[in-house]
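Read in order, the letters of the sequence shown correspond to residues 142 to 296 in our numbering.
Just so you know, even glycine gets a beta-carbon here, dropped at the ideal spot from N, CA and C.
Since this is a predicted model, take the numbers as computed values, not measurements.
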Amino acid sequence: MRHIGKILNIHWSEKISNIDVLERANMTSVESMIISAALRWTGHVIRMDDSRLPKSILYSELRDGRRNVGRQRLRYKDMMKKHLKRIDCNINTWENKARNRKEWKGILSSVSEKVDNKRKYEYTRRRQARHGVLVSEFVCPNCGCNFLSSAGEKS
Numbered sequence: 142m143r144h145i146g147k148i149l150n151i152h153w154s155e156k157i158s159n160i161d162v163l164e165r166a167n168m169t170s171v172e173s174m175i176i177s178a179a180l181r182w183t184g185h186v187i188r189m190d191d192s193r194l195p196k197s198i199l200y201s202e203l204r205d206g207r208r209n210v211g212r213q214r215l216r217y218k219d220m221m222k223k224h225l226k227r228i229d230c231n232i233n234t235w236e237n238k239a240r241n242r243k244e245w246k247g248i249l250s251s252v253s254e255k256v257d258n259k260r261k262y263e264y265t266r267r268r269q270a271r272h273g274v275l276v277s278e279f280v281c282p283n284c285g286c287n288f289l290s291s292a293g294e295k296s
């Protein structure tokens, strides 16, 4: 973002968010480009013959072995499921859609827009929670003061 900001003559002291910099540059985020490329390649693998190595590796599982203690590292399939959920694509039917090249290309054409829109929404929601007006949930029955918790209510 720093280099794009320099091209657009945006100084760091202006405190402009990365999302605003991308909007000014009329660019998509790197995250949406990566998701789009990964989904495009996965669609290509789905359409391959069953005897091809990339397809057999995508659908293969280990027969035996030990797993490490703790949270397991995410597999490629796990990341694809996360990406598909992010673009609101049904996890159970995505393979059928990927087999139809025309339909899959239609889905991929909207990926970057969906990812960037969700990113903007999450950013604005978090920002409003940080800087927005706090809504009080508890009111004192005696004096009418507003509080965020009911800590002193029972005393």
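Length of the line joining the Cα atoms of residue i and residue j
i, j, result
"MET221", "LEU199", "11 angstroms"
"ARG242", "GLY184", "8 angstroms"
"GLN269", "GLU263", "10 angstroms"
"MET174", "SER201", "27 angstroms"
"SER253", "CYS281", "48 angstroms"
"ARG208", "SER154", "48 angstroms"
Proximity of residue i and residue j at Cβ, strictly below 7 angstroms
i, j, result
"ALA166", "ILE187", "no"
"ILE157", "ILE151", "yes"
"MET142", "VAL171", "no"
"HIS224", "ILE160", "no"
Assumed close pair residue i, residue j - CB separation to whole angstroms, cut-off 8 angstroms
i, j, result
"LYS238", "ILE232", "At roughly 11 angstroms, the Cβ-Cβ gap does not stay under 8 angstroms, so LYS238 and ILE232 are not in contact."
Neighbourhood of residue i by C-beta distance below 6 angstroms, restricted to the same chain and skipping five residues each side
i, result
"LYS255", "ILE228"
"CYS230", "none"
Proximity test, residue i beta-carbon vs the ligand SAM heavy atom, cut-off 6 angstroms
i, result
"ILE175", "Within the structure as shown, the ligand SAM is missing, as the structure has no ligands at all."
4-residue-minimum alpha helix (DSSP H) runs that sit fully inside the stretch 154-198, ordered along the chain
159-166 and 171-187
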